[in-house]
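The block underneath contains the structure these notes are about, expressed in structure tokens.
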Ligand SMILES: Cc1ncc(C[n+]2csc(CCOP(=O)(O)OP(=O)(O)O)c2C)c(N)n1
Ligand SMILES: Cc1ncc(C[n+]2csc(CCOP(=O)(O)OP(=O)(O)O)c2C)c(N)n1
Ligand code: SF4
Ligand code: SF4
Ligand SMILES: [Mg+2]
Ligand SMILES: [Mg+2]
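Protein chains in written order, with the working numbering: chain A, 1015 to 1352; chain B, 1015 to 1352; chain C, 23 to 645; chain D, 23 to 645.
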């Protein structure tokens, strides 16, 4: 990560000169603002900051950041960002994607980038819909979603982005709502400092095609959210209820006073993390904040270690040696071999 | 699933007239034999049985089955099989794939087919290597694997096929070794009867490019395998050791007599299943058999239910009605509108 | 109050993406069609869903050409322009004919909007609009006042203003409001309050026209005369969807459609998803590769399998199309073209995927390629594509484009009973069955589907023995199979009808076109022919194989002009095939040809003088 | 024991995939090269890794042409054929020249193997081999006896038999065994026991030749004369890998290579993965789309970025190549072609991806395309591709094929110092920087990389404003950018050298070729020219843009013959471009041209008689 320079930056410094082209009221505006504000507060080097996206409403994001930006093709941002990160490890690379871009066409690149612990900060804008193409259901849409392509309701079971990211091997997994600037800011700040593959699910509202999918959760934080705090128990409903591990290894809602209420730790076991990922509406309140964090060498660091190592062992490459390798012979002035 | 006809079939009946083209000693031979024997025992209808594969040594499988078979393109078998299953739900469709075909290029189709609970019986031949292309490392290869493309050792962290399948939503998840004909037969038989997305990981040996990756596990079943039995505790080492859930929600090896030794049930919680998926070498013996099973409507059944439903509601489609829908008017003999 | 008759009118509605101009245009088009006019429409909207109000890039337009005589295009330039805000004025004014009518929603011409549109002074005041007939109407204000009584929020009231504009033009062109009022009520059946409000506003607009001094004349465009029969309005994507369902039925099969959403192809999926009671299965796949994969699987199972996308998505399907070619399975791949390369201009039209359609795969992988010439024509092309795919056991590419897909025209409803059926036969006889044994006429192999006892067999993407279908690396076999696959495509010519040729089979200029440019090219040809010029127009339906009819005439002209919305892709194909020095008229602007552009290009070849160019253009436009 | 001199010998080793014929061939080729012969090799192996012993499809062959004069090809037909089992005999005998030498491993001619090979009677006994000089040697038995003393298992002993064959031919052609013995020891350094054993067997074979009565003559092929300098043997994929590393260095950059394994491209990745100490980063991606994606990302970051694949994988990259075209980033895409369509013939060679290279993308997305003509030439093509990509800011497609990739030839080592550098300059000056402002000569935009203060900017796949690079849907801008992108490709001609033309610039027949067919075409031309025929051969290096030199001469010949290993893809391109009635010599068998085939085709055009065809063929072969 490029060392942050502490000269004061303002949100304005992170705003590009481009007109923002989202629909009025789109949740993307709030996310954009928080990202700009947070990066300003961190005091990032704009020239070392790159936003790479695929295609979708959310993927227009890079145009609005006064940093380097690459609006690529549908679903491929993690792959393109990987090539940049491996060759330029010193850059801070943020990947902006959507539930369609990142989990439908781009699902494979997503899991492989996470598996490799590629040093990318991936933010998935989950509005449970394909916004840009006018509202078809997505891999995160609730079963029965009525959309232009599913007038009778969708029939596939949705993916759980957090579970998928954990299963693939992400080393920093978090969730925030578009409107929760405070929590989002905190998460972004920690994501910025994390070395390795970051996956953040942003609960984003699409007022035009899927208005209010997250209302329930956002309007009733007390009962529908568990705001995770390191070392603190998993409680909600104003501290009256908690989550414990029930018999048959199922998460269970219990009284906050129950001694078995689980205590949150970002560095918990894989199993604990997947328990958190299984806390989903309507049965459970959903965890917000940093669900999981783990330190593991990044792909780019290992790749460059191998380069250094081979230079140390074989010496810096010598082109003529390279060409003269294998069986080499000379042909003399007489045109025959010597 | 097509009703099995109980007339006696022999293994020979399932063998095609094609020369088998695998290397001598390839684990694929054993799997082929067991599949042929098991389907014969079940007494499947050959004409209703289809094997669909991608590209790879393992994907040559369909040529050797005297059933319908489609050797498609690299990584796309689950997608192609999905189209067939949705349009022909009565067929038994087996998908044969490899760790490269199914988890590298085909990873996305894999998770989406599983997510939809598409009625496909997917068998992944995991030899931790790209066999057909002469031995490059694969997404399941152990870190540090020295292969033609990674002379200094591979640096990416491997995928856990079972964990990925569970995370994606497979409703039948199992594991067997190529050489364990008995267990494999049992699993195939149950997979045949399961309605929904089946995922079976076959531990397959590639004597040419990755000889012995599974030896450790296969040669010492007592200590390196836990053979799962419904209702029986997770014990190994000849019944001396067991697996329990440790503090901090981590699997832990304990004495078989420990009251907390977990008891296996195929219909356990998602969390229990992911615990099983986390039992990996060298720390733990690995579970063999049916890890997870769950009943859920299949994609194809839901799709056809919607067709029936709309016919019930709107009546069977009438083409002229269809064309005459919208604003229709007549132009009379005088060429003007009436 | 006088009434004036006009032969034809081109009107354009322009406003914010949020202003509902597409709806206004569509409704007015219906009214024109109902009144018996011939019509042609051209919706032109931004890639953004709802770009911020007032922005230049957020302007959405809808052009309608309605006439008392036959027309082929939405018209080159609007006679009447309705603009809802400064940005709309800024981006559309340049197209308005001199002395044309300009209706301006003055209420939107406030400081902020003017600035967003890049106006330093208010065009309504600085005299810059003098050369047009300007009607300044505060539509916004009149709309809200019309709704004073109602419960609606100001925001909701504002949303209704497009109905005021609609009412106003209804009056201007003497349309009967009743039918429209009925339609509005139907459309808002779920939300009667809105329905009521919109009707109120619609009436307000209508009466405003009646009472306001400003509009002294009502213009009437008398009905056009059509061939007798039943008609409806249809867009390209609606027609293609219906065509696919009908095509499957004519083949005696069910339709399986799989797609991944992409502009401008998505609405085909949306339409078909509604046809479940026809047994049509639609599958929204995880990506384009899965979409064609599923289609291949369905085809293997015996369905009429179709997948559609646009350029970038078709690029992803290339490898899988090759599998279809090798395994010789019937498949229809629809490409609703848009501006490229890469993401390009997603909502704009272009014809730049012809190369990709013919050549865009690895190896020798030829396939038949057919292109639709108009919204209604996509219906017939869809049927033809299904027929050829199933008859020849081959993937067929059907090309449409954004202009056809979204544009609409009055469509004479086909007589279903008269459409020839092409029932598919699946072989069930095991006797001397060979997987790649071919029909001597079509070279098609038997379509044997899983579930057929005794015919179990294996297919795949590796080269196959020319008879048994077993894997074969034999050199001669590969050459034989490669040549057969190529010959099979040539044999499709057996099923290709007459060349669509207007004008004599010999002459000075042959204009060759394909796809959605049909209207403009045909109209230009007719205009020039009308002036006695030796100009003909051949419009290709089949691009691969090339239509036999073309070979017969292409050398009979002094000049061959290939007009395309690309850099000359068909021209390249024709030059290679016929060795004729064809020249190109090429436009790569995301916009259809204007008749004027075509006429001018032809005139140049004829060595024409400006004077008769103008005559021709006038004639063409009057046409 | 007499010694006889020969000018040239074509020898082919054939056996089971498991018999190690590739090793035998490679080693014997090294010996020939060491002895100063000119050589050309052609490995031909099955798609299966190790097909079951004795099967016809499991036969693996290696042909070597070594000569005392310059040669261009591995030879049409072997003079000597070494077969290790009946299957090898069955599949290869037809190619052996009449009266040629046949060395047979008799031990393998047992019932079971004969059956697998489809022999009903034993060809060694039924007299069917009479017209050849048959040497029956029980190689298997002799090998095991040679290893009696050793600890090895019978299976392991069996594995050594290819070294017996190697020893035998060493003796037959009077090669010095010492160097080989050293090499064997080196190769098996990790496993001395095997090394010892193989040397034992190698010697046994050598001495067998010496002592056995059967071989009365030792044939010597004297050294060829070469241009003075340093030489090494190199295969196409080795040379391309080195060329990429050198190319990056000449650009003053580091190389980033990402690929997904596919035959026959994989070995490029394998070679580059060994060059870590050159700072070369290799990335094995999850698929071909990710591979080119990563390359695009690396290019955006300032690396010399390369991705390689074969036909099916290139098909998957089409959409992403379009992104490279639109964002104008430098990129090299290598396509090592194989037989198509679809999975096709993975281990066989073909030239059928030219259309895909030039046309296989959505939208107007032209890119430069260069093709290598021989194994060693891939080195220079790789450098040139890197140069053009970085100078013009454009993705460049480099075409090779399976024949070049696996074939080898003696390669005069280039003088590194003499290779012109083309240092890349990354703009850092913020003053009046515009993202799409172009260099007037190359039309390239500035390559500004992240990390540069003050030049932060955004790029993407939507059409860009011709100056600022901001998203633009403006019609004129799109046309302008489309034309500039096309013009940029044409400008590459500035950097294209002289046309590679053999023979006069006018004449009766111009043979036009590209890629790996160079040797056969050039040899055929020389032979006919040698007979006084007015035949010339132009071999294209650049296919897009077409080489300026060709336009100057192509119309100066009575006949233009375009010879390709496809159905006529270059022919189509040339006909469209030049309107010349070029005819084709097309072979789609997964095999390279034989000189004889080319000569015959030219003779036909010349209206030649069989007699001088034969003369020419003799001459060509003698060449
Ligand atoms: C190859 C390709 N296929 C399809 C599309 C059409 N497309 C653009 S964005 C999109 C999905 C967008 O959904 P999501 O990623 O959730 O982003 P959102 O618009 O909801 O923010 C699709 C299908 C495309 N641009 N390219
Ligand atoms: C599009 C495409 N990319 C790459 C290849 C080359 N390829 C064939 S099989 C394979 C991987 C095989 O590995 P796996 O799936 O594990 O099968 P195995 O051979 O190990 O059984 C690859 C990369 C191909 N045939 N097609
Ligand atoms: S469509 Fe939805 S997601 Fe897209 S910009 Fe509009 S509100 Fe936002
Ligand atoms: S390479 Fe390995 S996996 Fe492939 S056939 Fe040979 S042994 Fe089996
Ligand atoms: Mg979305
Ligand atoms: Mg494998």
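Glycine included, each C-beta is placed from N, C-alpha and C at the ideal position.
By the criterion of Cβ-Cβ separation under 7 Å, what are the contact partners of residue 364(C) in chain A? Per Cβ cutoff of 7 Å: 1087.
Please list, in chain order, the chain B residues whose beta carbon lies closer than 8 Å to that of residue 1324(A). Contact note: residue 1324(A) reaches chain B through 1166, using a C-beta cutoff of 8 Å and chain order.
Residue 66(C) lies in the beta strand (DSSP E); which residues open and close that run? Note, residue 66(C): beta strand (DSSP E), 60 to 66.
Do residue 1072(B) and residue 1106(B) have their beta-carbon atoms positioned less than 7 Å apart in this structure? Not in contact: residue 1106(B) and residue 1072(B) (Cβ atoms no closer than 7 Å).
Are any of the Cβ atoms in chain D nearer than 7 Å to that of residue 632(C)? Unreliable positioning characterises residue 632(C) in this predicted model, as indicated by a pLDDT of 49, which lies under 50. The coordinate reading is nonetheless provided below. No, residue 632(C) lies away from the interface with chain D (no Cβ there is under 7 Å from its Cβ).
Are residue 1198(A) and residue 1239(A) closer than 7 Å when you measure CB to CB? Result no, Cβ atoms of residue 1198(A) and residue 1239(A) do not sit closer than 7 Å.
Just the Cα atoms here: how many angstroms apart are residue 450(C) and residue 1061(B)? Answer to the nearest angstrom: the Cα atoms are 11 Å apart.
Any heavy atom of ligand 4 inside 6 Å of the beta-carbon of residue 1112(B)? In this structure, residue 1112(B) has its beta carbon at no less than 6 Å from each heavy atom of ligand 4.
Using DSSP with H/G/I as helix, E/B as strand and the rest coil, what is residue 193(D)? It is helical.
Residue environment, residue 298(C), which counts as buried when at least 16 other CB atoms sit within 10 Å: Residue 298(C) should be labelled buried.
Label residue 491(C) either buried or exposed according to how many other C-beta atoms from any shown protein chain fall within 10 Å of its C-beta, with 16 as the threshold for buried. Answer is buried; the Cβ neighbour count reaches 16.
Looking at the structure shown, is residue 1022(B) part of a helix, part of a strand, or coil, going by DSSP? Assigned with DSSP and collapsed to three states, residue 1022(B) falls in coil, not helix or strand.
Round the Cβ separation of residue 161(C) and residue 189(C) to the nearest angstrom and send it over; I've been treating them as touching at under 8 Å. About 10 Å; that fails the 8 Å criterion.
Taking the alpha carbon of residue 1108(B) as the reference point, which residue from 1333(B), 1129(B) and 1046(B) has its own alpha carbon closest? Cα-wise, what sits closest to residue 1108(B) is 1046(B).
Could you confirm whether any beta carbon from chain C is found closer than 7 Å to the beta carbon of residue 1344(B)? At least one CB of chain C lies nearer than 7 Å to the CB of residue 1344(B).
Which residue comes first and which comes last in the beta strand (DSSP E) that contains residue 454(D)? Where residue 454(D) is concerned, there is no enclosing beta strand (DSSP E), given that its DSSP letter is neither H nor E.
Cα-Cα, which of 136(C), 89(C), 118(C) and 91(C) is closest to residue 109(C)? The shortest Cα separation from residue 109(C) among 136(C), 89(C), 118(C) and 91(C) belongs to 136(C).
Can you name the start and end residues of the alpha helix (DSSP H) that residue 176(D) belongs to? 176 to 181 is the span of the alpha helix (DSSP H), which, as asked, contains residue 176(D).
Once the 5 residues before and after residue 397(C) are set aside, which same chain residues still bring their CB inside 6 Å of it? Leaving aside the five residues that flank residue 397(C) on each side, the residues in its chain whose CB is nearer than 6 Å to its CB run, in chain order, 256, 257, 258, 261, 426, 429, 430 and 431.
So which of 1040(B), 1194(B) and 1291(B) has the shortest CA-CA distance to residue 1052(B)? Residue 1194(B) is the option with its Cα nearest to residue 1052(B).
What's the gap between the Cα of residue 1171(B) and the Cα of residue 1156(B)? Going by the C-alpha atoms only, they are around 7 Å apart.
Residue 283(D) CB to nearest heavy atom of ligand 2 below 6 Å: Checking every heavy atom of ligand 2 against the Cβ of residue 283(D), one is found closer than 6 Å.
Of the residues 40(C), 280(C), 147(C) and 105(C), which one's Cα is nearest the Cα of residue 177(C)? Closest option to residue 177(C), Cα to Cα, is 40(C).
Any C-beta of chain D under 7 Å from that of residue 1106(B): No, its Cβ sits nowhere closer than 7 Å to a Cβ of chain D.
How about residue 578(D): is its C-beta nearer than 7 Å to some C-beta of chain C? Residue 578(D) does not count as touching chain C.
With a 10 Å radius around its C-beta and 16 neighbouring C-beta atoms as the bar for buried, classify residue 25(D) as buried or exposed. Per the 10 Å Cβ criterion, exposed.
If you count every other CB in all the chains shown that lies within 10 Å of the CB of residue 236(D), and 16 or more means buried, which is it? Residue 236(D) comes out exposed.
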